[in-house]
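Heads up, the sequence shown stops at 96 in the numbering used here, and the numbers go up one at a time, no gaps. Every residue, glycine too, gets a C-beta built ideally from N, C-alpha and C. Note that the structure is predicted; figures quoted are calculated from it, not measured. Remarks on the structure that follows.
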Amino acid sequence: MGEAPEAEVLNTKQSTMRLEKDLSERLQKLSRDNGVCREALIEAMFEFIEANPEAEAEVLEVAQGKNEQRQAIANYKRAQSMMERFLQK
Numbered sequence: 008m009g010e011a012p013e014a015e016v017l018n019t020k021q022s023t024m025r026l027e028k029d030l031s032e033r034l035q036k037l038s039r040d041n042g043v044c045r046e047a048l049i050e051a052m053f054e055f056i057e058a059n060p061e062a063e064a065e066v067l068e069v070a071q072g073k074n075e076q077r078q079a080i081a082n083y084k085r086a087q088s089m090m091e092r093f094l095q096k
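Structure, rendered in structure tokens:
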């Protein structure tokens with residue numbers, strides 16, 4: 008037997024990500040247009056920012072803003088749900 012193809016020895020872990028709908032569609036289009044899967048594209052992007060500290064800092068700044076927005080939305084939804092439950096009693 009010869010050596011195993013790299014795909015057979017690739018150690019992966021399945022994970023689910025929630026992405027903004029429009030962003031997910033743009034990511035899918037970019038992947039399709041370039042003949043790569045979304046996972047490979049995300050891995051390459053991550054490895055790029057790891058190797059480029061200036062890019063990493065910019066990406067993290069945007070990510071922090073997005074995270075704050077998601078937290079605010081989650082807090083609003085939680086408060087809204089609590090109010091609805093309170094008013095039903």
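Which residue wins for smallest C-alpha separation from residue i, given the options the options?
i     : options             : result
Ala47 : Lys96, Thr19, Glu15 : Thr19
Asp29 : Gln95, Met90, Leu37 : Leu37
Please work out which residues of its chain come closer than 8 Å, Cβ to Cβ, to residue i, disregarding the five sequence neighbours upstream and downstream, and give them in chain order.
i     : result
Asn41 : Leu48
Glu75 : none
Give me the Cβ distance between residue i and residue j, rounded to the nearest whole Å; I'm assuming they're in contact under 8 Å.
i     : j     : result
Ile56 : Glu63 : 4 Å
Arg25 : Leu34 : Incorrect: roughly 13 Å between the Cβ atoms, too far for contact.
Given 7 Å as the limit, tell me if residue i has its C-beta closer than that to any heavy atom belonging to the ligand ADP.
i     : result
Ala79 : Questions concerning the ligand ADP fall outside what the structure shown contains, since it holds no ligand whatsoever.
Under 7 Å Cβ to Cβ from residue i, same chain only, skipping five residues before and after it: list those, please.
i     : result
Asn59 : none
What residues in its chain sit with their C-beta under 6 Å from that of residue i, if we drop five residues either side in the sequence?
i     : result
Ala81 : none
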